[in-house]
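Numbering (the working numbering), first residue to last: 611 to 899.
Inspection log for the structure reproduced underneath, given as structure tokens.
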DNA sequence: CCTAACTCCTGCATGC
DNA sequence: TGCATGCAGGAGTTAG
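Spelled out as structure tokens, the structure:
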């Protein structure tokens with residue numbers, strides 16, 4: 611599940627290897643990968659031919675590649691979902707089993723390939739629009755700033771958090787409130803802030819909520835410095851290499867192992883049909899569940 | 001308007 | 001061995 615740091619690693623790779631190049635041809639190998647491109651796969655392929663990739667941008671877990679050439683004002687917008695990869699591969703190298711979209715460039719250099727085993731991810735071409743937080747592709751105008759953006763205002767998000775009627779982990783995962791956080795970094799931020807996932811957001815103090823946002827920014831910054839979190843070959847940079855942050859996780863996936871702070875065994879609980887990992891001593895559950 | 005359940009998908013681990 | 005089941009889960013959609 612690529613989250614903000616993993617997507618940023620991919621963005622940097624695309625910026626280095628694909629930005630500035632002209633697309634010669636696009637091949638959609640699986641229609642589901644462009645299901646959010648409503649005009650369909652043929653339209654996706656057709657409107658990208660001879661366009662130039664002018665920049666690689668990111669907000670939260672979304673990537674977009676701005677387009678130049680004869681026209682401007684649009685971009686390829688994408689989400690990696692759970693298993694999506696953007697790979698830079700030499701022309702002629704064997705197709706990946708789950709190759710979904712191939713970008714061939716006019717310079718005959720390496721291809722850009724969207725590979726996605728579980729097909730939760732996808733790409734689309736969309737217009738750029740002016741939103742409250744700058745110029746972004748229309749489909750993601752509703753998401754909030756991410757904690758590593760220059761314009762991220764923690765005090766505003768703290769007030770929004772405290773106004774919500776939900777539990778704190780749901781709020782962390784709500785991309786319209788604060789973008790970029792998924793299950794891994796939600797659990798890590800909660801562990802650092804010593805908060806149980808089921809704590810009601812409305813009852814958080816301002817210092818608690820502020821500390822939680824700080825923890826989220828810190829853990830994602832540290833992960834980025836190590837190339838992101840990888841459990842296996844699914845989460846890789848554009849060269850297919852894994853990051854090392856999984857060695858630094860304190861809560862996520864650590865069930866049965868001692869808490870790095872207090873030694874108590876980390877516990878796994880079901881949450882939203884998935885998992886939450888936490889230290890039952892450092893992160894006591896709220897009284898009323 | 002707000003919140004939460006549902007749904008999409010494939011590969012691997014597990015159990016009988 | 002082989003089949004069924006569970007699990008990984010982001011976010012748009014739908015229901016309440």
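Idealized CB from N, CA, C, for every residue including glycine.
Keep in mind that this is a model prediction, so the values were computed, not measured.
Residue i classed as buried or exposed, judged by whether at least 16 other C-beta atoms fall within 10 angstroms
{"i": "residue 884", "result": "exposed"}
{"i": "residue 623", "result": "buried"}
{"i": "residue 708", "result": "buried"}
{"i": "residue 569", "result": "Outside the displayed span of the chain (611 to 899) sits residue 569, for which this structure offers no information."}
{"i": "residue 843", "result": "With a pLDDT of 48 at residue 843, under the threshold of 50, the modelled position of this residue cannot be trusted; read the value that follows with caution. Burial call: exposed."}
{"i": "residue 569", "result": "Any property of residue 569 remains undetermined from this structure, which presents the chain solely from 611 to 899."}
{"i": "residue 813", "result": "exposed"}
{"i": "residue 796", "result": "buried"}
{"i": "residue 860", "result": "buried"}
{"i": "residue 752", "result": "exposed"}
Start-to-end residues for the alpha helix (DSSP H) that takes in residue i
{"i": "residue 830", "result": "816 to 835"}
{"i": "residue 701", "result": "Here residue 701 belongs to no alpha helix (DSSP H), and DSSP marks it neither H nor E."}
{"i": "residue 778", "result": "778 to 783"}
{"i": "residue 767", "result": "764 to 773"}
{"i": "residue 658", "result": "651 to 658"}
Given residue i as reference, the closest of the options once Cα atoms are compared
{"i": "residue 687", "options": "670, 714, 749", "result": "749"}
{"i": "residue 769", "options": "680, 818, 683", "result": "818"}
{"i": "residue 827", "options": "789, 863, 611, 650", "result": "789"}
{"i": "residue 810", "options": "855, 782, 649", "result": "782"}
{"i": "residue 808", "options": "661, 893, 676, 866", "result": "893"}
{"i": "residue 641", "options": "698, 657, 631, 711", "result": "711"}
{"i": "residue 635", "options": "762, 719, 671, 897", "result": "719"}
{"i": "residue 743", "options": "778, 704, 670", "result": "670"}
{"i": "residue 617", "options": "653, 831, 772", "result": "831"}
Endpoints, the beta strand (DSSP E) within which residue i is located
{"i": "residue 614", "result": "Taken as a continuous stretch (DSSP letters only), residue 614 belongs to no beta strand (DSSP E), being part of the alpha helix (DSSP H) at 614 to 627."}
{"i": "residue 669", "result": "662 to 669"}
{"i": "residue 807", "result": "Here residue 807 belongs to no beta strand (DSSP E), and DSSP marks it neither H nor E."}
{"i": "residue 886", "result": "884 to 888"}
Whole-angstrom C-beta distance between residue j and residue i, which should lie under 8 Å
{"i": "residue 746", "j": "residue 738", "result": "7 Å"}
Original post:
Do the segment 613 to 627 and the segment 647 to 654 meet, that is, are 3 or more Cβ pairs less than 8 Å apart?
Top reply: Here the segment 613 to 627 does not lie against the segment 647 to 654, with fewer than 3 beta-carbon pairs under 8 Å apart.
Original post:
Do three or more CB pairs link the segment 657 to 665 to the segment 673 to 690 at distances below 8 Å?
Top reply: Segment contact: the segment 657 to 665 against the segment 673 to 690, three or more CB-CB distances shorter than 8 Å; contact assigned.
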